[in-house]
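Colleague: If you count by the numbering used here, then the sequence shown holds residues 669 to 834, one letter each, in order.
Idealized CB from N, CA, C, for every residue including glycine.
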Amino acid sequence: MSESSPEILTPPPALAAISTDETIAKDTAASVEPKKNGKSLVCTRCGSKVLLAESATHIRKKVFLPLMTFKAAVAAVKSVVEESDRVSDVLDNSDALHVLPDVPGEVLHDFWLVSDMYTFENVGVSHTVGGLKYLTCADCEIGPIGFQDLQQKEEFLVAWNRVEEK
């Protein structure tokens, strides 16, 4: 076998004006579809169905959410003590959205996006707190499992790690 020099290919005239990096980025963006939930999403505590399969899209966003509690526990306890072993990213919340001072919580990055509130099977919605409405399990009232930013009317975000797929 003899070694030959590699053949240099030139792009067709229609692509000549587009750089290779731009072409790759466009091809990648066109071929990657957002991930949908393959199974139903249920409450981690009671197993109540929150969303049906294929009804939410995975997105990444850095958002602060208060620690999950039960409604009865919050009513009975006047002060909430932060449990540092349950807080994942609380020290790095400087650029997180919706940080509430003096409220124990965690910064989360993965969410299920739902664009219509009627998509939910079983969810409770809180009163407005700082421009947000928090989502809870309607059966056991644990939450928040997610939130709705009232400036984004068609966007409900359910925290990835606060529900499970079944």
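Could you name the residues of the same chain whose beta carbon sits closer than 8 Å to that of F779, not counting the 5 residues immediately before and after it, in chain order?
Modeller: Here residue 779 corresponds to residue number 111 of the sequence shown, with the count starting at 1. Within the same chain, F779 has close Cβ partners H726, I727, R728, K729, V731, G814, L825, V826, A827 and W828.
Colleague: Take R713 as the anchor and find which of Q816, E823, E774 and T804 has the nearest alpha-carbon.
Modeller: Walking along the sequence shown from the start, residue 713 turns up at place 45. Minimum Cα distance to R713 is reached at T804.
Colleague: Using CA atoms only, rank isn't needed, just tell me which of G798, P702 and C711 is closest to D807.
Modeller: Walking along the sequence shown from the start, residue 807 turns up at place 139. Here the closest residue by C-alpha is C711.
Colleague: From the beta carbon of V731, is the nearest beta carbon of chain D less than 8 Å away?
Modeller: The chain inventory of the structure shown lacks chain D, comprising one protein chain alone.
Colleague: Can you tell me the Cα-Cα spacing of V771 and S723, whole angstroms?
Modeller: Along the sequence shown, one-based indexing puts residue 771 at 103. Along the sequence shown, one-based indexing puts residue 723 at 55. About 31 Å.
Colleague: Based on the DSSP output, what are the partners of P734 in its beta bridges?
Modeller: The residue you call residue 734 lines up with position 66 of the sequence shown. Paired residue(s): G773.
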